[in-house]
Amino acid sequence: MNTKVNLAGLTLKNPVMTASGTFGSGVEFAEFVDLNKLGAVVTKGVANVPWEGNPTPRIAETYGGMLNAVGLQNPGVDVFIERDMPFLTKYDTRIVVNVCGRTVEDYCDVVKRLASQPVDLLEINISCPNVEEGGIAFGQNPQSVEAVTKEVKKYAKQPIIMKLSPNVTDIAEMARAAEAGGADALSLINTITGMKIDIHSRTFSLGNKTGGLSGPAIHPVAVRMVYQTAQAVKIPIIGMGGIMTAEDAIEMILAGATAVSVGTANFRNPTVTMEIVDGIREYMEQYHVKNVSELIGAVK
Amino acid sequence: MAEKFKEQAVIIRQEEISYGIYSMWLKTDRIAGLSKPGQFISVYCHEGSRLLPRPISICEIDREDRSVRIVYRVVGKGTEELSQLRTGRNIDIVGPLGNGFPLKEKKAFIIGGGIGIPPMLQLARELNCEKQLILGYRDSLFLQEEFKRLGTVYVATEDGSYGIDGNVLDAIRENGLNAEIIYACGPMPMLRAVKAYAAEKQIECWVSLEEHMACGIGACLGCVCKSKERDRHTNVNNKRICKEGPVFRAEEVEF
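If you're matching them up, the sequences are chains A and B in order.
Residue numbering for the first sequence follows numbering that gives the first Met the number 0, starting at 0 and increasing by one per position.
Residue numbering for the second sequence follows numbering that gives the first Met the number 0, starting at 0 and increasing by one per position.
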């Protein structure tokens, strides 16, 4: 049985990755998960300078989902390189660094700083719904998606994955723009913008008023968007959005994803990523699938 | 790194000890043996639509029996589900989480307000010093009898139905109490008042904070509080309540 997949020229031992922002740099989850068993660890977003993030409350649970408005709090790329890179390189897994910024220059700054690091892939976050500038501002217009992609690609020494927002009318248009800009792969979907109001206090549940909805509630939206994107572009897709089980991961792969990222499920069960790796193997055994890559886009 | 585990615990006993307040004893494998006063556990719901663990402070630890007790208020669907679980049922938990209270041998105020009272019970049990236990309630009392066995108890109720008519600071002032160290857990207005009191009297003060959490282990940065100094981990003026906390020196955090 072969669980390896090829993502932008790199071999992953299996298609299971972590979703940015839910797993830190892996340090905390390493107490529960053997990181060596994962296809890749995707870090929380890293900016050129430290970011404070949004006011609390940053988290609210919803039916079958959750809202977050962390606002990309991060220690900055210098601390990341000094502290988190030595930790991650101890493991036999691919390292994907999620990059965030407020301006195109910010993204390029981080990408340049990471050029000499043993990072396997860069995931460029142009779709965070919780920061006004940067984040989503770049991800909702095809011209700017293409422009940011081109600019980042100029400086990137590693393949780049553009992380797309679902908060658009036509995901395929954004995907084609990223491909035209030179993206090596795509990640989708980021969270869906939402809001929750506490009817007893008549206040917003989140300090930021709006937040990003994630969890199983958004899974069908993610499957649909991965499918539509797979029809529109040739570059590989990392599918994410509410994957809780191996079945959800396989569904995403059948829709056209080469790999998957598991996010909110880590909060429900800290060992879920390993269980999904095992579950994919069981599915392959059950249906006599020799190579997991046979399943990519195999929906009939 | 402090050890923590994901376990399937078994409910040994559950009862409603006051209106909407439940006490649950859980048999654990390793968690009880490692737990300290002021730490918490993440409790996972059975119902699949409720994704996030409920962070609940540890009220009592029986290390020999490998069990921990949590006392919680039913505030939503998750805690309502917990309150319906019967003896013998399994429940997923992760813990022990957070740092816990430092144990110092100084004349102490142990202050609990509302559902901030439970974690003070194990603290009172383990502290080896002169203990003044100051408990603030809205109206109906709980755990007060158990505190009485551990030190002198002073009660304040908001509706004046029992003890001092007022809050925990009214109870301290009206009884003319003094201390060298303060440990406190309770609602934000209470903690702010306790922090101001401690600053005024120049007393060492430790507070336990709460915030909505997602991962509970320090990865998601959902549950931060503002810190006076730049935090070593986050590299900004934020500390993770689930990891560096929930117990902080009052003057190192802003709330």
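For glycine and all other residues, C-beta sits at the position ideal for the given N, C-alpha and C.
The structure displayed is predicted, hence computed values, not measured ones.
The DSSP-derived three-state label of Phe39(B) is strand. For Asp169(A), the secondary structure class from DSSP, reduced to helix, strand or coil, is coil. From the beta-carbon of Met65(A), the residues of chain B found nearer than 8 Å are Leu50, Leu51, Ala213. The beta carbon of Arg229(B) lies closer than 8 Å to those of Val235, Asn236 in the same chain, with the five residues before and after it left out. Under DSSP, Asp61(B) takes part in a beta bridge, and its partners are Ser66(B). In the DSSP assignment, Phe108(B) forms a beta bridge with Gln131(B), Ile181(B). A direct Cα-to-Cα measurement between Met161(A) and Gly100(A) gives close to 13 Å. Inside the stretch 27-94 of chain A, DSSP marks whole alpha helix (DSSP H) runs of 4 or more residues at positions 84-87, from first to last along the chain. Selection Lys242(B), Asn174(B), Ile216(B) evaluated against Ile92(B) yields Ile216(B) as nearest (Cα-Cα). Judged by beta-carbon spacing, Arg88(B) lies beyond the 9 Å limit of Arg29(B), meaning their Cβ atoms are not closer than that value. For Asn73(A), the CB contacts under 7 Å within the same chain, skipping 5 residues up- and downstream, are Lys43, Gly44, Val45, Ala46, Pro49, Trp50 in chain order. Excluding its 5 nearest sequence neighbours in each direction, Ile80(A) has C-beta neighbours in its own chain below 8 Å: Arg112, Leu113, Gln116, listed in chain order.
If you draw a 10 Å sphere on the C-beta of Asp83(A), you find 16 or more other C-beta atoms in it, and that means buried. In this structure the stretch 34-46 of chain B touches the stretch 90-110 of chain B; the number of beta carbon pairs closer than 8 Å is three or more.
The Cβ-Cβ distance between Tyr182(B) and Ala155(B) does not fall below 9 Å. Taking 9 Å as the CB threshold, Cys219(B) lines the interface with chain A.
DSSP places Leu81(B) in the helix class (H, G or I) of the three-state scheme. Against chain A, the beta carbon of Asn236(B) has neighbours under 9 Å at Glu51, listed in chain order. As computed with DSSP, Val246(B) is found in a beta bridge with Ser207(B). Nearest CB-CB separation between Glu2(B) and chain A: below the 9 Å threshold.
Nearest in C-alpha terms to Ala39(A), of all of Ala68(A), Gly23(A), Thr2(A), Thr92(A), is Thr92(A).
Just so you know, the alpha carbons of Val95(A) and Val76(A) end up roughly 14 Å apart. Counting every other CB atom within 10 Å of its CB across the protein chains shown gives Ile198(A) a total below 16, marking it as exposed.
Contact between Ile202(B) and Ile180(B) is confirmed by a C-beta separation of about 7 Å, below the 8 Å threshold.
With its beta carbon less than 9 Å from one in chain B, Pro269(A) belongs to the interface. Proximity of Lys12(A) to chain B, defined by a Cβ-Cβ separation below 9 Å, is not satisfied. Interface annotation for the stretch 143-175 of chain B against chain A: empty, criterion Cβ-Cβ distance under 8 Å. With 16 or more other Cβ atoms from the protein chains shown falling within 10 Å of its own Cβ, Ile125(A) counts as buried. Contact with chain B is absent for Phe137(A), since none of that chain's Cβ atoms lies less than 9 Å from the residue's Cβ.
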